[in-house]
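A.B. asks:
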Amino acid sequence: MNEGSEESTDPGEQAAKPRKRTQGVVSIDTERCKGCCYCVEFCPMHVLIMSSKFNAKGHHYPEVDPDGKCTACDLCGMFCPDFAIHAQRVSKPDSTKE
Ligand code: SF4
Ligand code: SF4
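Per this note's numbering, numbering through the sequence shown is continuous, rising by one, with the last residue being 1318.
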């Protein structure tokens, strides 16, 4: 009945496929930021922290926690009222050492 199916059920073959992990790279335009913290509060991965530094308008702005794992969900970009932050998706081999 299933002779036409070409999908492999061999676990060895499936394991041999290179796996990719989606990661996000966050871009922040610090001078557009008004320090509302929405991006920090809504990031599900807790990737963003508010800087102790100020921009030219006198607002604290977000920074990326170097240990954070951004998934490129772009919730930060959707919630930012000033279009000051967004994330881009990049794919990296899962074997990459952290
Ligand atoms: S893209 Fe998603 S996970 Fe990455 S910093 Fe923004 S809200 Fe957080
Ligand atoms: S949501 Fe936008 S304006 Fe608010 S702190 Fe984040 S980057 Fe700044």
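Idealized CB from N, CA, C, for every residue including glycine.
1) Whole angstroms are fine: how far does the CA of Tyr-1281 sit from the CA of Met-1270?
2) Is the beta carbon of Cys-1263 sitting closer than 8 Å to the one on Leu-1295?
3) Alpha carbon to alpha carbon, how far is Ala-1307 from Glu-1283?
4) With distances taken Cα to Cα, identify the nearest neighbour of Cys-1300 among Lys-1273, Val-1267, Ile-1248.
5) Skipping 5 residues on each side, what residues in its chain have a beta carbon closer than 7 Å to that of Gly-1297?
6) For the putative contact between Arg-1309 and Thr-1250, defined by C-beta atoms under 8 Å, what is the C-beta separation to the nearest angstrom?
7) In whole angstroms, what separates the C-alpha of Asn-1259 from that of Cys-1253?
8) What span of residues does the alpha helix (DSSP H) with Glu-1283 cover, start to end?
C.D. replies: Reading from the atomic positions:
1) 6 Å
2) yes
3) 13 Å
4) Ile-1248
5) Ile-1305, His-1306, Ala-1307
6) So it is not a contact: roughly 22 Å between Cβ atoms.
7) The sequence shown places Cys at residue 1259, not Asn. The straight-line gap from Cα to Cα measures roughly 10 Å.
8) Glu-1283 -> not in any alpha helix (DSSP H); beta strand (DSSP E) instead, spanning 1280–1284.
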